[in-house]
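Just so you know, my numbering puts the end of the sequence shown at 418, numbered straight through with nothing missing.
Glycine included, every Cβ here is placed at the ideal spot set by N, Cα and C.
Please read all numbers here as calculations on a predicted model, not as lab measurements.
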Amino acid sequence: MVLKRLALVGDALSHVALPGIGLALVLNLNPFVGAFAALAVAVLIIWQIQTKTGLPTEALVGLLFTASLAIGILVTPEPELLEALFGDISRVAVSDVVLAVIFSITIFSVIYRLRNALVLDLISPDLAESQRINTAKLNLVFLALVAIVVALGVKVVGILLMGSLVIVPAVASKNFTRTLRGYGVASACLGVISAVGGILLADGLQLPPGPMVVLVSAALFLISLLSRSLLRR
Numbered sequence: 186m187v188l189k190r191l192a193l194v195g196d197a198l199s200h201v202a203l204p205g206i207g208l209a210l211v212l213n214l215n216p217f218v219g220a221f222a223a224l225a226v227a228v229l230i231i232w233q234i235q236t237k238t239g240l241p242t243e244a245l246v247g248l249l250f251t252a253s254l255a256i257g258i259l260v261t262p263e264p265e266l267l268e269a270l271f272g273d274i275s276r277v278a279v280s281d282v283v284l285a286v287i288f289s290i291t292i293f294s295v296i297y298r299l300r301n302a303l304v305l306d307l308i309s310p311d312l313a314e315s316q317r318i319n320t321a322k323l324n325l326v327f328l329a330l331v332a333i334v335v336a337l338g339v340k341v342v343g344i345l346l347m348g349s350l351v352i353v354p355a356v357a358s359k360n361f362t363r364t365l366r367g368y369g370v371a372s373a374c375l376g377v378i379s380a381v382g383g384i385l386l387a388d389g390l391q392l393p394p395g396p397m398v399v400l401v402s403a404a405l406f407l408i409s410l411l412s413r414s415l416l417r418r
């Protein structure tokens, strides 16, 4: 998302999940189900409008972001609203972990299979079209993958902080990688380190895990930035 200059789209999409999460919590359902349902609808709306009007993705996501946030606040009771905004790792069950592993493998498999088309679309959408790549459908798949990532993470860190977990590791890895493959691997590794490190620190310090995960990822970014500055001297 950083390379496609859509970094803030991930953050906005996490807010789009709020109505679905709120309804899922009220109905005592898994928040992932509600988040994914809301995000799936949003992605389809964004894709349809973008395809027919040519409006930029970030503008459409921003529009849905504000509307969804308003709807989510209205339909979600206050106790559940706090959980949706900031997450609650104590409600993460074994089934959630299994689900996360399955979807993670699926996401990596899809990205690996479409890597050439994604890179070509990143370099030049017109060039990708000339190679008979359906960039519209490719963007739909890309947005769907982002939606799955966001839906998986909001239960732990909440919608307010999920965007940081999507963006910061990717930005940090850009400071010390030179190839797209290295960039992808480093982003994934930093994301895992941020999540695991933040949860362990939160458990040891008796602090909320969501903010700690984000702070660890921010610390990794600062380290990568300092390393880049030192290497250039």
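The beta carbon of residue 208 sits closer than 7 Å to those of 219, 260, all from its chain and outside the five residues before and after it, given in chain order. Residue 371 is positioned such that its CB atom lies no closer than 8 Å to that of residue 406. The continuous alpha helix (DSSP H) containing residue 300 extends over residues 300-308.
Contiguous beta strand (DSSP E) elements confined to the region 324-369 do not occur, taking only those with 3 or more residues. Shortest Cα-Cα distance from residue 331 to any of 318, 347, 253 involves 347. Just measuring C-alpha positions, the residue of 366, 355, 250 sitting nearest residue 403 is 355. Excluding sequence positions up to five before and after residue 225, its CB lies within less than 7 Å of the CB of 332, all in the same chain and listed in chain order.
Shown here, residue 236 sits in a helix according to DSSP, grouped into three states. Annotation for residue 393: no alpha helix (DSSP H) segment contains it, and DSSP assigns it neither H nor E. With respect to residue 204, residue 280 sits apart: the two C-beta atoms are not nearer than 8 Å. Note on residue 401: 16 or more other CB atoms within 10 angstroms of its CB, so buried under the neighbour-count rule. By the Cβ neighbour-count rule, residue 343 is buried, with 16 or more other Cβ atoms within 10 Å of its own. In the structure shown, the three-state DSSP call for residue 400 is helix. Around residue 262, the same chain offers 211 as residues with beta carbons nearer than 7 Å, after the five sequence neighbours per side are excluded.
The Cβ atoms of residue 246 and residue 223 lie no closer than 8 Å to each other. Contact between residue 340 and residue 216 holds: CB atoms are separated by about 5 Å, below the 8 Å threshold. Here residue 197 is buried: its Cβ has 16 or more other Cβ atoms, across all protein chains shown, within 10 Å.
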